[in-house]
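Q:
In the UniProt record's numbering, the protein residues as written are 1 to 301.
Written as structure tokens, this is what we have:
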């Protein structure tokens, strides 16, 4: 009598990874036929790096979305501008902003805007302002004039990076996640204890009075628009904005949408705060707080 196969025992059929590979190839084949012939080669090169669930999402979105490709753009690679192309997918399905956000606007509680000038410190400014706003919202603080020190993070989050000079600068780029982890583990000083100067060649004073430090317990990452909406109901949220020039520099009081012309070039990723959301002519947008003072955009947004 033949022995029954044990649960989980190999049967000689394709493994899970092999089935995943076969599914991915089939989905890529379908997308190949849906792609404009002039773009097939470059699009296929990108699709081969995507998982099957993302590929299926692209197929499902075809009838309700529009894909545009901008050629002749530029991107910095190791400090050198290299040619590239950008693709954007925009949904034609109208998605309403939740009613619970209709009166949510955190601009005022975030305080006066700072100006990072020519320093690479946006991440530290965003975190210091978010902590101020959340603590006021939760009534952990009642002093509306309180400020937390971005300089504290600039000096100590990554001392090694601080010593990597950019000409005469000692500031450096970093992520919101790293900065928030630092505050969770080490606390943050108030502005009066370590005033904001941007960066300095002088070694920073290492003394931090434990009695004057503020700690955060945790922070969460929003993985979808719906999660972002839910978080915004409770307070402003940090985000990373792709900076395309010349669009960002020329935005004035217009809506910034990223790359919109062949002359576009991706120059950096800029840490910002989302203070509110709105809708104009059926298009959803976010009120994004930058760290360039109040003379740019819509009074700094």
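Each residue gets a CB set at the ideal place from its N, CA and C atoms; glycine is no exception.
Express the C-alpha separation of residue 149 and residue 194 in angstroms, rounding to a whole number.
A: 6 angstroms
Q: Report buried or exposed for residue 128, applying the criterion of at least 16 other Cβ atoms within 10 angstroms of its Cβ.
A: buried
Q: Does the structure place the region 113-130 close enough to the region 284-298 that three or more beta carbon pairs sit under 8 angstroms?
A: yes
Q: Mind checking who residue 115 pairs with in its DSSP beta bridge?
A: 292
Q: Less than 6 angstroms between C-beta atoms, sequence neighbours within five positions excluded: which residues of the same chain meet that for residue 169?
A: 199
Q: By the DSSP assignment, the beta strand (DSSP E) with residue 278 in it spans what residues?
A: 265-280
Q: Which full runs of the beta strand (DSSP E) of 3+ residues lie inside the region 107-186, going along the chain?
A: none
Q: Could you name the residues that DSSP lists as bridge partners for residue 83?
A: 74
Q: Which value, in whole angstroms, describes the spacing of the CA atoms of residue 268 and residue 77?
A: 11 angstroms
Q: In terms of residue numbering, what span does the beta strand (DSSP E) encompassing residue 245 cover?
A: First-last of the beta strand (DSSP E) with residue 245: 237-245.
Q: Along the chain, where does the alpha helix (DSSP H) that runs through residue 231 open and close?
A: 225-234
Q: If I measure Cβ to Cβ from residue 107 and keep anything under 6 angstroms in the same chain, skipping five residues before and after, which residues do I get?
A: Sequence-distant partners of residue 107 (beyond 5 residues in either direction) whose C-beta falls short of 6 angstroms from its own C-beta, in its chain, are 275.
Q: To the nearest whole angstrom, what separates the beta carbons of residue 151 and residue 197, a pair I think is in contact under 8 angstroms?
A: 6 angstroms
Q: Buried or exposed: residue 153, going by 16 or more other Cβ atoms within 10 Å of its Cβ?
A: buried
Q: Measuring straight from C-alpha to C-alpha, what distance separates residue 257 and residue 86?
A: 13 angstroms
Q: For residue 126, which residues in the same chain have their Cβ closer than 6 angstroms to its Cβ, ignoring the five residues on either side in sequence?
A: 238, 271, 273
Q: May I ask you to report which of helix, strand or coil DSSP gives residue 248?
A: Per DSSP, reduced to three states, the secondary structure at residue 248 is coil, with no helix or strand assignment.
Q: Can you grab the Cα-Cα spacing for the pair residue 254 / residue 206, in whole Å?
A: A straight line joining the alpha-carbon of residue 254 with that of residue 206 spans about 44 angstroms.
Q: Give the single residue among 244, 183, 204, 243 whose Cα lies nearest to the Cα of residue 216.
A: 183
Q: If you draw a straight line from the alpha carbon of residue 185 to that of residue 219, how long is it in whole angstroms?
A: 12 angstroms
Q: Taking only three categories from DSSP, how would you classify residue 26?
A: Looking at residue 26 - three-state DSSP - the assignment turns out to be helix.
Q: Would you identify the three-state DSSP class for residue 285, choosing helix, strand or coil?
A: Looking at residue 285 - three-state DSSP - the assignment turns out to be strand.
Q: To which residues does DSSP link residue 188 through a beta bridge?
A: Answer is 214.
Q: Considering only residues of the same chain and omitting the five flanking positions on each side of residue 73, which have a CB-CB separation below 8 angstroms?
A: 83, 84, 85, 86, 259, 262, 263, 264, 265, 266
Q: Can you tell which of 224, 232, 298 has its C-alpha closest to the C-alpha of residue 252?
A: 298
Q: Hey, would you say residue 284 sits closer than 9 angstroms to residue 97, going by beta carbons?
A: Closer than 9 angstroms, so yes.
Q: In three-state terms, what does DSSP make of residue 206?
A: coil
Q: Leaving out the 5 sequence neighbours to the left and right, which residues in its chain are closer than 8 angstroms to residue 281 when beta-carbon positions are compared?
A: Within the same chain, and ignoring the five residues on either side of residue 281 in sequence, no residue has its Cβ closer than 8 angstroms to its Cβ.
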